[in-house]
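Trainee: Got a structure here, written out as structure tokens. Questions coming.
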Amino acid sequence: MHSLIVPRRLLSLTLYLLIISHSAAAHATGADWLTASNRGEYDLAVTLADQSTADKRLQNLLAKARTLELADTSQWRSFIHYKPTVGNGWLSQVDAPHFFLSERGKQSPQAELDATLAAFFSEQAKAPLRLTAYCRFVARRIWLTEQLQEAVAALPKAECPEFQRYHEFLKAHQLTLVFPTAHPNSPSSAFGHTLLRIDKKDQRVESRLLNMSINFAAEVPEDVSSTAYAIKGLAGGFQGKYRLLPYHIKLREYGQIENRDTWEYPLKLSQRQVDLVLRHAYEMLISHFDYYFFSENCSYHLLSLIEVAFPDQPLTDDFGLWTIPVDTIRALDERNLISEGEFVPSSVRTLKARRAGLSPELSALSLAGLNSGLNEISEQLDALDSEPQAAVLDLLADYERYSRLKMNRSAQGTSETERQILSRRSKLRVISQAPTVEAPEAPPERGHGTSRLGLSYRSIEQGADQLELSYRPAYHDFQDPSAAYGSNAAIELGLLSMGYEQQTERFFLRRFTLVSIESIEPRGPVFKPVSWHTTLQWDRATANSRHEFTFNVGAGVAYQSSRRAPVFFAFGESDWVDAPAFKQRRHLRLGVSFGLHWEPFTGPRSGRIRSGIEYQFRRQIGSDYEQSNGRAWTGIALNKNLSLNLDARLNKQSEVELLRRVGLELRTYF
């Protein structure tokens, strides 16, 4: 009997111990996922939670999120800035490692969502902000809370004072997209720039300058060379970051220092959408993207920020190899996501308008004051009534402020000259009158598309007639319709054209223009800008001719007697040329160029027709070779995105007969 009883007792004891140990292991596993979360090992926490049989708080959240397929929603992908890859995968454009809570978060929306839920249980503050995930990723948390509803009751509750201060400081009611217009004198934003202004409820227009703004830009070291700046900017060598800045600082930079007009477009957002964008901005302030001048630039990632409010309208999907700021405005306008733009003139435009509003006598007096100082015109001012005195002093004060900021963009307070002018102005009991500034006939988004296809036919005397097909990715030249682009600047990138000679029945590469920039700014009595241009181009005139590679730089002056008068310009020119047909293959040519540009119509038809006459002369250094070219052209806008161009040219080279040719080109923009 005893021989049978003992084994039975041992078996019962063994089973009892196994049950106890299994229960303890289950409790240990339940605690392990929380321990892993507090250590910042969120992927491990997810794995352990999936295996847990005791503490199922995280397991239940994960199960519901997966059932709802939240990781596959466009809203979640907009938070993490995912873009599809080849093979149906995903890749986040964010390049800051600390932005991701999962080690696989950059490539896996599901892993990042799972890790985010696990991280919300952690009480550990993590670098770089020393915040818990619960308090740092506020947009993610609030959205997940809305989706998971009662299931999120399992999440621990925590106060987030840093975010509360951010939210209460901004008091945001509306977001306004601000567009400082394009200008070639600013390399980092030659095509324009966009930023967001944060507006409060029931705010007066005058107080908007005190608002905060969100700006995305490359962080460039002060000591970086021009060459390194260009290379790194093209190759993504700089970090692009969102920054929260006082709006008046950015407006002063663009409108008062860089002489750029701005347009303001209120976004059509509900209060919920405004809050969502600003929560996501809070998440992104310390993170960064690799900055590419042509693609992932200021406007692209401002659009990606706005995109969280419109997840079902993936705005950034419209852009690939390049993103031009005005095209992002069009993307919003075409979807009816912005209100009509409001024009804000630059300081230079405002000063010109203020001076234009004076009588000839007061204009001459103000010019004397600008050139010689207030003391030199004191007696003439004393002889005037209060109102004309005030008009002259207002102009002098505005100009002195503009000059001070132009010299030092971070200058504070007022200069001694300003104080002298303002002191005299304060003694006059006259309210300053804002000048009437005429806005451009069309806002930026109403201009032609920035990309262009062209088909042209040329008849060449003593040569083979040619057909030419051209493609230009960006942006605008003087023969394009000028409406919404202005008349003084042209920028072209990547122009490629193929020619076909009817006589020889041959196709050939006609031209490749890497970059061409022209700035023709008329000088006046007050403002005296330098006009300039540069071109980097590979060119071949005919199927049988040898190519010429030219790097051109020119600088000069331009004049215009009145706003609607023709613009006359003259340049000194230098060309570095690589031409295999020449005995001295690589050589320098110097010369001059001059011409006239004008638009015959004003008002609603302004920008529809534009004409020009141009002449160029070059002489090769160390040789007798000379070249002269004359050209007359007219560009006619048939509609916003279709134009017809007429072109006649004369070309004379050493030991070559005068060559005449006329051409007709149809251009379409998109």
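All residue numbers for the sequence shown refer to the working numbering, where the first residue is 848 and numbers rise by one.
Beta carbons: idealized from backbone N, C-alpha and C, even for Gly.
(1) Within 10 angstroms of its Cβ, does SER969 collect 16 or more other Cβ (buried), or is it exposed?
(2) From this set, GLU993, ASP1471, PHE1085, which residue's C-alpha is nearest LYS1430's C-alpha?
(3) Rank PRO1372, ALA1405, HIS1095, TRP1423 by C-alpha distance to the C-alpha of PHE1396 and give the top, closest one.
(4) Does the separation of the CB atoms of LEU1005 and ASP1122 fall below 9 angstroms?
(5) In or out: LEU1221 buried (at least 16 other Cβ within 10 Å) or exposed?
(6) Using a 10 Å radius around the Cβ and a threshold of 16 neighbouring Cβ atoms, would you call PHE798 buried or exposed?
(7) List the DSSP bridge partners of ALA965.
(8) Hey, quick one: how far does the beta strand (DSSP E) through ALA1402 stretch, first residue to last?
(9) Note down the Cα distance separating ARG1271 from LEU1022, rounded to an integer number of angstroms.
(10) How big is the Cα-Cα spacing for ILE1153 and ARG983?
(11) Where does the unbroken alpha helix (DSSP H) through LEU1240 begin, and where does it stop?
(12) Less than 6 angstroms between C-beta atoms, sequence neighbours within five positions excluded: which residues of the same chain meet that for PRO1027?
(13) Am I right that GLY1403 and ALA1417 are in contact with their C-beta atoms under 8 angstroms? What's the rounded C-beta distance?
(14) Among TYR1322, PHE1464, PRO1427, whose alpha-carbon lies nearest the alpha-carbon of ARG1436?
(15) Measuring alpha carbon to alpha carbon, tell me which of SER1440, SER1206, ARG1432, GLU1504 ends up nearest GLU1420.
(16) Tell me the residue span of the alpha helix (DSSP H) that contains TYR1129.
(17) Could you give the first and the last residue of the continuous alpha helix (DSSP H) run that contains ALA835?
(18) Going by DSSP, what residue range makes up the alpha helix (DSSP H) through THR1074?
(19) Residues bridged to SER1317 by DSSP?
(20) Only counting the same chain, and skipping five residues up and downstream in sequence, which positions put a Cβ closer than 7 angstroms to that of PHE967?
(21) Quick one: measure Cβ to Cβ for LEU1275 and ASP1245, integer angstroms, because I've assumed they're closer than 8 angstroms.
(22) How should ASP1049 be labelled, buried or exposed, when 16 other C-beta atoms within 10 angstroms of its C-beta is the threshold for buried?
(23) Are the CB atoms of GLN1407 and PRO1369 nearer to each other than 9 angstroms?
(24) If we count the other Cβ atoms within 10 Å of its Cβ and call it buried at 16 or more, is GLN1467 buried or exposed?
(25) Suppose you measure from the CA of THR1175 to the CA of TYR1147; what does that come to, to the nearest Å?
(26) Look at the alpha carbon of LEU1343 and the alpha carbon of HIS1394, and state the distance between them as a whole number of angstroms.
(27) Is the CB-CB distance between LYS953 and LEU964 below 9 angstroms?
(28) Give the DSSP-derived three-state secondary structure of LYS1047 in the structure shown.
(29) Whole angstroms is fine: what's the gap from ARG951's alpha carbon to THR932's?
(30) In three-state DSSP terms, what is PHE1354?
(31) Do you know offhand how far VAL941's Cα is from PHE1415's?
(32) Looking at the unbroken beta strand (DSSP E) that takes in THR1481, where does it start and where does it end?
(33) Are at least three pairs of beta-carbons, each pair with one atom in the region 1162–1172 and one in the region 1059–1077, less than 8 angstroms apart?
(34) In or out: ASN1255 buried (at least 16 other Cβ within 10 Å) or exposed?
(35) If you run the structure through DSSP and keep just helix, strand and coil, what is TYR889?
(36) Mark LEU1057 as exposed unless 16 or more other C-beta atoms lie within 10 angstroms of its C-beta, in which case mark it buried.
Mentor: From the atom records:
(1) To locate residue 969, count along the sequence shown from 1; it is residue 122. By the neighbour-count rule (16 or more Cβ atoms within 10 Å), SER969 is buried.
(2) As a position in the sequence shown, residue 1430 is number 583, starting the count at 1. The residue with the shortest Cα to Cα distance from LYS1430 is ASP1471.
(3) What you label residue 1396 is simply residue 549 of the sequence shown in a count that begins at 1. Considering only alpha carbons, the answer is TRP1423.
(4) What you label residue 1005 is simply residue 158 of the sequence shown in a count that begins at 1. What you label residue 1122 is simply residue 275 of the sequence shown in a count that begins at 1. With the sequence shown as reference, residue 1005 is identified as Ala, and Leu is not the correct amino acid for it. Not in contact: ALA1005 and ASP1122 (Cβ atoms no closer than 9 angstroms).
(5) Residue 1221 sits at position 374 when you count from the first residue of the sequence shown. When all chains shown are included, LEU1221 counts as buried.
(6) Since the first residue of the chain shown is 848 and the last is 1517, residue 798 is not available in this structure.
(7) Position 118 of the sequence shown, counted from the first residue, corresponds to residue 965. In the DSSP output, where bridge partners are listed per residue, ALA965 has none listed.
(8) Reading the sequence shown from its first residue, position 555 is the one you call residue 1402. Run containing ALA1402: 1395–1406, per the beta strand (DSSP E) assignment.
(9) Taking the sequence shown and counting its residues from 1, the one referred to as residue 1271 is at position 424. Taking the sequence shown and counting its residues from 1, the one referred to as residue 1022 is at position 175. Each residue's alpha carbon lies about 40 angstroms from the other.
(10) Locating residue 1153 in the sequence shown gives position 306, counting from the first residue. Locating residue 983 in the sequence shown gives position 136, counting from the first residue. If you take the alpha carbons of ILE1153 and ARG983, they lie about 19 angstroms apart.
(11) Position 393 of the sequence shown, counting from 1, holds the residue named residue 1240. Here the alpha helix (DSSP H) through LEU1240 covers 1233–1254.
(12) Position 180 of the sequence shown, counting from 1, holds the residue named residue 1027. HIS1040, TYR1101, ARG1107, THR1109.
(13) Within the sequence shown, numbered from 1, the residue matching residue 1403 stands at position 556. Within the sequence shown, numbered from 1, the residue matching residue 1417 stands at position 570. With a Cβ gap of about 5 angstroms, GLY1403 and ALA1417 count as contacting.
(14) Residue numbering aside, residue 1436 sits at position 589 when the sequence shown is read from its first letter. Selected option, being the one with the closest Cα: PHE1464.
(15) Reading the sequence shown from its first residue, position 573 is the one you call residue 1420. Checking every option, the nearest Cα to that of GLU1420 belongs to SER1440.
(16) On the sequence shown, position 282 is the one that residue 1129 refers to. Where TYR1129 is concerned, the enclosing alpha helix (DSSP H) stretches over 1118–1131.
(17) Nothing about residue 835 can be reported from this structure: the residues present for the chain run from 848 to 1517 only.
(18) As a position in the sequence shown, residue 1074 is number 227, starting the count at 1. Residues 1073–1082.
(19) Stepping through the sequence shown from its first residue, residue 1317 is reached at position 470. In the DSSP output, where bridge partners are listed per residue, SER1317 has GLY1301, SER1344.
(20) In the sequence shown, counting from the first residue as 1, residue 967 sits at position 120. Excluding positions up to five away in sequence, the list reads ALA980, TYR981, ARG988, LEU1002.
(21) For the purposes of this step, residue 1275 is taken as the residue at position 428 of the sequence shown. For the purposes of this step, residue 1245 is taken as the residue at position 398 of the sequence shown. Contact doesn't hold; Cβ gap of about 16 angstroms is too wide.
(22) To locate residue 1049, count along the sequence shown from 1; it is residue 202. Per the 10 Å Cβ criterion, exposed.
(23) Residue 1407 sits at position 560 when you count from the first residue of the sequence shown. Residue 1369 sits at position 522 when you count from the first residue of the sequence shown. Closer than 9 angstroms, so yes.
(24) Taking the sequence shown and counting its residues from 1, the one referred to as residue 1467 is at position 620. So GLN1467 counts as buried.
(25) As a position in the sequence shown, residue 1175 is number 328, starting the count at 1. As a position in the sequence shown, residue 1147 is number 300, starting the count at 1. Straight-line Cα distance between these residues: approximately 7 angstroms.
(26) Taking the first residue of the sequence shown as position 1, residue 1343 is located at position 496. Taking the first residue of the sequence shown as position 1, residue 1394 is located at position 547. Separation of LEU1343 and HIS1394 (C-alpha to C-alpha, rounded to the nearest whole angstrom) is 14 angstroms.
(27) For the purposes of this step, residue 953 is taken as the residue at position 106 of the sequence shown. For the purposes of this step, residue 964 is taken as the residue at position 117 of the sequence shown. Their beta carbons are not under 9 angstroms apart, which means LYS953 does not touch LEU964 by this criterion.
(28) As a working note, residue 1047 is residue 200 in the sequence shown. Three-state DSSP puts LYS1047 in coil, outside helix and strand.
(29) What you label residue 951 is simply residue 104 of the sequence shown in a count that begins at 1. What you label residue 932 is simply residue 85 of the sequence shown in a count that begins at 1. So the alpha carbons of these two residues sit roughly 15 angstroms apart.
(30) Taking the sequence shown and counting its residues from 1, the one referred to as residue 1354 is at position 507. Correct three-state label for PHE1354: strand.
(31) Residue numbering aside, residue 941 sits at position 94 when the sequence shown is read from its first letter. Residue numbering aside, residue 1415 sits at position 568 when the sequence shown is read from its first letter. Cα to Cα, the separation comes out at about 48 angstroms.
(32) The sequence position of residue 1481 within the sequence shown is 634, counting from 1. It spans 1473–1486 - the beta strand (DSSP E) in which THR1481 sits, taken as one unbroken run.
(33) no
(34) Your numbering for residue 1255 matches position 408 in the sequence shown. ASN1255 should be labelled exposed.
(35) Walking along the sequence shown from the start, residue 889 turns up at place 42. Residue state, collapsed to three classes: helix.
(36) Translated into the one-based positions of the sequence shown, residue 1057 becomes position 210. Label assigned to LEU1057: exposed.
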